[in-house]
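Quick note: the sequence shown, position 180, residue 180 per UniProt numbering, numbers continuous.
Ideal placement from N, C-alpha and C gives every residue a C-beta, glycine not left out.
All values reported here derive from a predicted model rather than from experimental measurement.
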Amino acid sequence: MSELLSEAALDQLFRTARTFNAWLPKEVSDAQLHQLYELAKFGPTSANSSPTRLVFVKSKEAKDKLAPFLSEGNRAKTLAAPVTAIVATDYAFYEKLPQLFPHADARSWFVGNQPLIDTTAFRNGTLQGAYVIMAARALGLDCGPMSGFDNAGVDATFFAGSTVKSNFLVNIGYGDASRDLFPRSPRLAFDEACRIA
């Protein structure tokens, strides 16, 4: 049985973690991004499908490519972030199932069944995007996940000629709590969102 995480760890992952809009001028290293992925990849997906593909936009050249596709309200904060992860989904994920789920012919479950491919890819790709956020927070990084961009433009620029499509973006770095940090928005109480059946 696993041990309960400390109160400090629970705060870092959930209770005091925030969506940041401003960033300190502190680098996120390639080694940290490798470490982030090495944690996030272990989150569960159905049939170990692992459809998420990530592009960590760090260089000025890559940021310049991304910039035209960002909504006006997201442009400045994204270009200021040390890293922006394009969280994307490979809709041909099932081609990797012989490697990822070798104890069954899971590839055959999907081939030719586009509705199943689409729902499995989107569901599990989004789930893995959440693991990316939690892994970043676990490593002491802050995040600013968002929509508000031109998916088609990002796909044509970063995933041309592939079966990969963007889902959402996550700015990653060290958040500046002194700027543009809004008061925490309310959350639903247990009885508003849950029931025990």
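Secondary structure of Ile133 (DSSP, three-state): helix.
The three-state secondary structure of Ile196, taken from DSSP, is coil. The C-alpha of Gly129 is placed about 12 Å away from the C-alpha of Leu36. For Ala31, the uninterrupted alpha helix (DSSP H) run begins and ends at Asp30 to Ala40, by DSSP. Counting only runs of at least 4 residues, the UniProt domain "Nitroreductase" (24-158) fully encloses the following alpha helix (DSSP H) elements, listed from N- to C-terminal order: 30-40, 60-66, 72-80, 97-100, 107-110, 114-138 and 151-158.
Burial check for Asp90: the Cβ neighbour count within 10 Å reaches 16 or more, so the residue is buried. A residue is called buried once 16 or more other Cβ atoms fall within 10 Å of its Cβ, and Val170 is buried on that count. Residue nearest to Gln12 within the set Trp23, Val57, Cys143 and Lys58 is Cys143 (criterion: CA-CA distance). Under the three-state reduction of DSSP output, Leu169 falls in the strand class. With a threshold of 16 other beta carbon atoms within 10 Å, Thr16 falls short and is exposed.
When DSSP reads this structure, Gly175 sits in a beta bridge with Trp23. Beyond the five residues adjoining it in sequence on each side, Ala47 comes within less than 7 Å, by CB distance, of Leu97, Phe101 and Ala106 in the same chain, given in chain order.
Inter-residue distance for Leu188 and Gly161 is about 42 Å (C-alpha atoms, whole angstroms). For the pair Phe93 and Thr84, the Cα-to-Cα distance works out to about 23 Å. Comparing alpha carbon positions, the residue from Ala138, Val111 and Asn113 closest to Leu10 is Ala138.
Judged by pairs of C-beta atoms under 8 Å, the segment 146-157 does not touch the segment 110-124, as fewer than three such pairs exist.
For His103, same chain residues with a beta-carbon under 6 Å away, outside a window of 5 residues either side, do not exist. Under the 10 Å beta carbon count, Pro44 is surrounded by fewer than 16 other beta carbons and is classified as exposed. Exposure of Ile196 is indicated by the presence of fewer than 16 other C-beta atoms within 10 angstroms of its C-beta. In this structure, Arg53 sits near Phe159, with a CB-CB distance shorter than 9 Å.
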